[in-house]
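Residue numbers (this note's numbering): 37 to 449.
Have a look at this one:
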């Protein structure tokens, strides 16, 4: 497993210009209130290259004409805090997990960093400068860049984030296996929830059944789960999950498991009563048709836009057939999101989507939906799919999806 991490570092170093240095930060806990922090989440680009899940850790990689070097810095051991918070990772354990021979304590980082700048000829510094919005909280890389610009104004600072993001879009066999493990846990949790679906009366009760099974399998929720009954399913990011479920409602569940840095992202929609009405079944099967249209297109060389256009084209015909629309332009009234995103260490995983073509090794979601507020119906069906050399493999095919499969499982609850 650690072999993957070593290969990634070697690949990044090979792409680095001479006299370049990469510095990546694991990050640290964010204050919640009083003396409490939010749970620590390691920076995923850092973890992708190190296999280390520790706050305050730092990775430094240098490429010179005559050598390359990789150094990992971990927290200095605080014997008092260990009594409160548990043992810190040791140098030996960090070496084993990361397959990095040079591991030091963070207290040595500043002198090591300055030594590279003053003694080796390093003239370009590469940092993870990820920022989605102007109002985002600055991450460690950005804060470090600000500090270095003040002390070393002539040093060239560049953003390594796009390079690592591109690497992360192509999954290794080990990564695929980890995502399949998350999908297997999601399947078990969904089936548990579905078997209790008819007897439970509130959205959060269904959520509790799902999350119990995750915890029982050593996993955690990959994101804020959506359990949306009736009209609430037409709101894409409804996460309150606190309403009563009516017998005649469809229930949309957007759910996933997170384990060993990776995630699944699955959506299923089912009838609270255990039986689809004729209208619900008609609309549900139209969404499945759109899904099949996307599957028929998935292969290397296809763009995300082309996949989404396949959904719109299917709906333009089928929604007109049933009298819901009169013109293709009206599809957006009932389908108002994209059909796919990358999946991996992040649920909406890194990688440029616009104008990007699929390549073998991508893992993407396929998630067409229909949202008809006037009928209090929201339907979304989502699978996790691996792009292969000649097409695709549906990694979540094992999770029940057809109306007959769903009704059958609920009848046995």
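Just so it is clear, CB atoms sit at the ideal spot from N, CA and C, and this is done for glycine as well.
Kindly indicate which residue of the options has the alpha-carbon position closest to the one of residue i.
{"i": "residue 191", "options": "427, 82, 294, 160", "result": "160"}
{"i": "residue 536", "options": "259, 298, 318", "result": "It is not possible to answer for residue 536, since the shown part of the chain is limited to 37 through 449."}
{"i": "residue 300", "options": "285, 312, 255", "result": "255"}
{"i": "residue 325", "options": "43, 155, 346, 75", "result": "346"}
{"i": "residue 164", "options": "353, 200, 389", "result": "200"}
{"i": "residue 284", "options": "408, 307, 133", "result": "307"}
{"i": "residue 194", "options": "202, 109, 162", "result": "162"}
{"i": "residue 271", "options": "63, 405, 381", "result": "405"}
{"i": "residue 414", "options": "377, 442, 371, 431", "result": "371"}
{"i": "residue 123", "options": "112, 133, 132", "result": "112"}
{"i": "residue 309", "options": "92, 331, 330, 282", "result": "282"}
{"i": "residue 110", "options": "417, 141, 117, 119", "result": "141"}
{"i": "residue 265", "options": "257, 305, 375", "result": "305"}
{"i": "residue 184", "options": "59, 251, 329, 313", "result": "59"}
{"i": "residue 376", "options": "392, 269, 202", "result": "392"}
{"i": "residue 18", "options": "182, 364, 408, 303", "result": "Because the chain is modelled from 37 through 449, residue 18 falls outside the range shown and cannot be assessed."}
{"i": "residue 223", "options": "202, 292, 166, 189", "result": "292"}
{"i": "residue 412", "options": "236, 348, 269", "result": "269"}
{"i": "residue 331", "options": "400, 287, 364, 365", "result": "400"}
Only counting the same chain, and skipping five residues up and downstream in sequence, which positions put a Cβ closer than 7 Å to that of residue i?
{"i": "residue 73", "result": "65, 66, 67"}
{"i": "residue 106", "result": "45, 97, 136, 138"}
{"i": "residue 206", "result": "395, 397, 398"}
{"i": "residue 89", "result": "78, 83"}
{"i": "residue 311", "result": "443"}
{"i": "residue 267", "result": "409, 412"}
Tell me which same chain residues have a C-beta within less than 8 Å of the C-beta of residue i, skipping the five on either side of it?
{"i": "residue 321", "result": "439"}
{"i": "residue 37", "result": "In this prediction, residue 37 scores a pLDDT of 49, lower than 50, which makes its location untrustworthy; the coordinate-derived value is nonetheless stated afterwards. Answer for residue 37: 87, 210, listed in chain order."}
{"i": "residue 278", "result": "238, 239, 240"}
{"i": "residue 214", "result": "295, 296, 297, 298"}
{"i": "residue 433", "result": "419"}
{"i": "residue 118", "result": "124"}
{"i": "residue 275", "result": "260, 261, 262"}
{"i": "residue 55", "result": "99, 100, 101, 156, 157, 158, 159, 160"}
Can you check DSSP and say which residues form a bridge with residue i?
{"i": "residue 420", "result": "401"}
{"i": "residue 307", "result": "286"}
{"i": "residue 72", "result": "69"}
{"i": "residue 257", "result": "293"}
{"i": "residue 263", "result": "289"}
{"i": "residue 18", "result": "Because the chain here runs from 37 to 449, residue 18 falls outside it and cannot be looked at."}
{"i": "residue 99", "result": "56, 104"}
{"i": "residue 238", "result": "280"}
{"i": "residue 351", "result": "For residue 351, which the question treats as bridged, DSSP gives no partner whatsoever."}
{"i": "residue 339", "result": "393"}
{"i": "residue 407", "result": "414"}
{"i": "residue 127", "result": "BP columns for residue 127 are empty, so no partner."}
{"i": "residue 298", "result": "295"}
{"i": "residue 94", "result": "61, 109"}
{"i": "residue 378", "result": "400"}
Got a sec? Which residues, its chain only, sit under 6 Å from residue i by beta carbon, not counting five neighbours each side?
{"i": "residue 263", "result": "239, 242, 243, 277, 289"}
{"i": "residue 52", "result": "99"}
{"i": "residue 48", "result": "none"}
{"i": "residue 229", "result": "242, 245, 246"}
{"i": "residue 451", "result": "Here the chain covers residues 37 to 449 and nothing more, so residue 451 does not appear."}
{"i": "residue 430", "result": "419, 421"}
{"i": "residue 94", "result": "61, 109, 145"}
{"i": "residue 367", "result": "348, 351, 352"}
Under 7 Å from any heavy atom of the ligand COA, does the C-beta of residue i make it?
{"i": "residue 243", "result": "Here there are no bound small molecules, and the ligand COA is not part of this structure."}
Need the endpoints of the alpha helix (DSSP H) that residue i sits in, please.
{"i": "residue 322", "result": "314-331"}
{"i": "residue 117", "result": "115-121"}
{"i": "residue 444", "result": "439-447"}
{"i": "residue 428", "result": "Residue 428 -> not in any alpha helix (DSSP H); beta strand (DSSP E) instead, spanning 427-430."}
{"i": "residue 187", "result": "176-187"}
{"i": "residue 81", "result": "80-86"}
{"i": "residue 231", "result": "209-231"}
{"i": "residue 152", "result": "145-155"}
{"i": "residue 361", "result": "Taken as a continuous stretch (DSSP letters only), residue 361 belongs to no alpha helix (DSSP H), as it is neither H nor E."}
Which stretch, first to last residue, makes up the beta strand (DSSP E) that contains residue i?
{"i": "residue 141", "result": "138-141"}
{"i": "residue 193", "result": "192-195"}
Can you check whether the C-beta of residue i is within less than 8 Å of a C-beta belonging to chain D?
{"i": "residue 329", "result": "No chain D is present in this structure, which holds just one protein chain."}
Check your understanding: Below 8 Å, can you find three or more Cβ-Cβ pairs linking the stretch 40-55 to the stretch 75-91?
Key -> yes
Check your understanding: Are three or more beta carbon pairs between the stretch 348-356 and the stretch 381-394 nearer than 8 Å?
Key -> no
**Study point:** Inter-stretch contact at 8 Å, needing at least 3 Cβ pairs: the stretch 168-179 / the stretch 354-367
**Key:** no
Review point. Can at least three beta-carbon pairs, one atom from the stretch 418-427 and one from the stretch 325-345, be found at a separation below 8 Å?
Key: yes
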